[in-house]
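Right, one structure below, let's go through it.
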Amino acid sequence: MKRIIIDTDPGVDDSMAILLAFNSPELKIEGLTTIFGNTGTTITTQNALRLVELAGHPEVPVARGAEKPLLRPFTGEGWRVHGRNGLGEVEFPAPQGQPDPRRAAQFIVDTVMANPGEITLVPVGPLTNIALAAMLEPRIVGLVKEVVLMGGAAGVPGNVSAVAEANVHNDPEAASIVFHAGWPVTMVGLDVTQQTIMSPAYLDALKQDGGQLTSFIRAIVQHYLQFHLDQGVPGIYVNDSSAIAYLIDPTLFTTRHLFVDVEYQSRYHVGQTVADWRGRRGQAPNCHVCLGVDSERFLAIYRQRLIGAS
Ligand code: RIB
Ligand code: CA
1 MKRIIIDTDP GVDDSMAILL AFNSPELKIE GLTTIFGNTG TTITTQNALR LVELAGHPEV
61 PVARGAEKPL LRPFTGEGWR VHGRNGLGEV EFPAPQGQPD PRRAAQFIVD TVMANPGEIT
121 LVPVGPLTNI ALAAMLEPRI VGLVKEVVLM GGAAGVPGNV SAVAEANVHN DPEAASIVFH
181 AGWPVTMVGL DVTQQTIMSP AYLDALKQDG GQLTSFIRAI VQHYLQFHLD QGVPGIYVND
241 SSAIAYLIDP TLFTTRHLFV DVEYQSRYHV GQTVADWRGR RGQAPNCHVC LGVDSERFLA
301 IYRQRLIGAS
């Protein structure tokens, strides 16, 4: 069983990923840490509390993370995609629970130090908390089992600029720290997440054949689906759940071990994850970059886990 901390900005696809994780016996969620990104940290924290309760695990800690990037103002426009409340503008009752008294970076450090070699960090939002944790306690770099992140774009265009993916773009300095810290990193980027699409028919069938969780998913996903349909995509790109799928079954993906750098100084290309395909930089590889995915098998797993849930 993989023990994980999901660092998240729920967020519609984050919510779908978190519910997949809670309904996968291969994974034990030690906590959620929240970050700005799809919307602000106050709302992402409230949504994370809602999600642990909806999943039937109110005991799982939720620790509030950074309010803004390390060095830049937070200017993300994820609310256009996920709704201002991060849940597709669908209103839900306030959560019952309260966040953990510790902030995200401290929660990550405490959990990793208490469980050396056991914890996988799964950031599916901007990487600010992960960078802060590594700066707060550098020893965690050698004690984290691995970092499996949803973010970046190695050989495909970006989604918030010509070259940058949203999570990396939202805090490129933090991303540079994470990619170069020295821990094992697997990048589940747009190269694979945009190969897997959940069609309206797939989403309707999830609701039709499932229960409370899939009804929740179908409700919050409509705003996110319409954003994709308006862009000419025949469904939703499965971003954050792809990182969870990698943890469930890495054989769903093909990877290459490459040196990946993060651009944070360019005027037009900030947030680009630059994969050194031919080794021109002479640097040792620092990242397993996901390039292929068995989307059909992945979608079958998602469906099986979620319609089988309560
Ligand atoms: O680029 C996609 C990523 O940005 C996903 O994590 C989505 O939730 C947003 O945070
Ligand atoms: Ca996210």
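All letters in the sequence shown, in the order written, are residues 1 to 310 by the numbering used here. Note that CB positions come from ideal geometry on N, CA and C, so glycine has one too.
DSSP beta-bridge partners of T33: By 1-based counting over the sequence shown, the position of residue 33 is 33. T33 is bridged to D7, A63.
What does the Cβ neighbour count give for E30, buried or exposed, with the cut at 16 atoms within 10 Å? Stepping through the sequence shown from its first residue, residue 30 is reached at position 30. Counting other Cβ atoms within 10 Å of its Cβ, E30 reaches 16 or more and is therefore classed as buried.
Taking the beta carbon of W183 as the centre, do at least 16 other beta carbons fall within 10 Å, making it buried, or is it exposed? Position 183 of the sequence shown, counted from the first residue, corresponds to residue 183. Looking at its Cβ environment, which holds 16 or more other Cβ atoms inside 10 Å, W183 is buried.
Which listed residue (A219, D204, L252, N170) has its alpha carbon closest to that of P73: Translated into the one-based positions of the sequence shown, residue 73 becomes position 73. That would be N170, whose Cα lies nearest to the Cα of P73.
Separation of N115 from E146, as counted between CA atoms: Here residue 146 refers to the residue found at position 146 of the sequence shown. Here residue 115 refers to the residue found at position 115 of the sequence shown. In a straight line, the C-alpha of E146 is about 13 Å away from that of N115.
With 16 other CB atoms within 10 Å as the buried threshold, where does S15 fall? Stepping through the sequence shown from its first residue, residue 15 is reached at position 15. The residue in question, S15, is buried, as its Cβ has 16 or more Cβ neighbours within 10 Å.
Within 10 angstroms of the Cβ of L20, are there 16 or more other Cβ atoms? Answer buried if so, exposed if not. Sequence index remark: in the sequence shown, residue 20 carries index 20 (1-based). Taking all protein chains in view, the Cβ of L20 is crowded by 16 or more other Cβ atoms within 10 Å, so the residue is classified as buried.
Given this structure, state the Cα-to-Cα distance separating L247 from A164, to the nearest angstrom. One-based indexing of the sequence shown puts residue 247 at position 247. One-based indexing of the sequence shown puts residue 164 at position 164. Within the model, the alpha-carbon separation for L247 versus A164 is close to 24 Å.
Please classify M135: does DSSP put it in a helix, a strand, or coil? As a working mapping, residue 135 is identified with position 135 in the sequence shown. The answer is helix: DSSP assigns M135 an H, G or I state.
Hey, is N159 close to ligand 1, as in C-beta under 6 Å from one of its heavy atoms? Position 159 of the sequence shown, counted from the first residue, corresponds to residue 159. Checking the Cβ of N159 against ligand 1 gives yes.
Could you tell me whether any non-hydrogen atom of ligand 1 is closer than 6 Å to the CB of V147? Here residue 147 is taken as the residue at index 147 of the sequence shown, counted from 1. No - ligand 1 has no heavy atom lying nearer than 6 Å to the Cβ of V147.
Span of the alpha helix (DSSP H) holding M187? Numbered from 1 along the sequence shown, position 187 holds the residue referred to as residue 187. Segment 185 to 188 is the beta strand (DSSP E) holding M187; no alpha helix (DSSP H) there.
Going by beta carbon distance, what residues of the same chain come within less than 6 Å of F36, once the five residues before and after it are set aside? For the purposes of this step, residue 36 is taken as the residue at position 36 of the sequence shown. The answer, listed in chain order, is F74.
Buried or exposed: L136, going by 16 or more other Cβ atoms within 10 Å of its Cβ? As a position in the sequence shown, residue 136 is number 136, starting the count at 1. L136 is exposed by the Cβ-count criterion.
What would DSSP say about G283, mapped onto helix, strand or coil? Numbered from 1 along the sequence shown, position 283 holds the residue referred to as residue 283. Reading the sequence as shown, one finds Gln at residue 283 and not Gly. Here Q283 sits in coil by DSSP.
Taking only heavy atoms of ligand 1 into account, decide whether any of them is closer than 6 Å to the Cβ of A166. For the purposes of this step, residue 166 is taken as residue 166 along the sequence shown, with counting starting at 1. Answer for A166: yes, Cβ within range of ligand 1.
Mark R139 as exposed unless 16 or more other C-beta atoms lie within 10 angstroms of its C-beta, in which case mark it buried. In the sequence shown, residue 139 corresponds to position 139, counting from 1. R139 is exposed by the Cβ-count criterion.
Report the CB separation of F253 from V192 in whole angstroms; it is logged as a contact under 8 Å. Taking the first residue of the sequence shown as position 1, residue 253 is located at position 253. Taking the first residue of the sequence shown as position 1, residue 192 is located at position 192. The beta-carbon separation of F253 and V192, rounded to 6 Å, stays under the 8 Å limit for a contact.
Judging by CA-CA distance, which residue of G155, F22, N23, A134 is the nearest neighbour of A104? As a first step, residue 104 must be located in the sequence shown, where it is residue number 104. Closest option to A104, judged by alpha-carbon separation, among G155, F22, N23, A134: A134.
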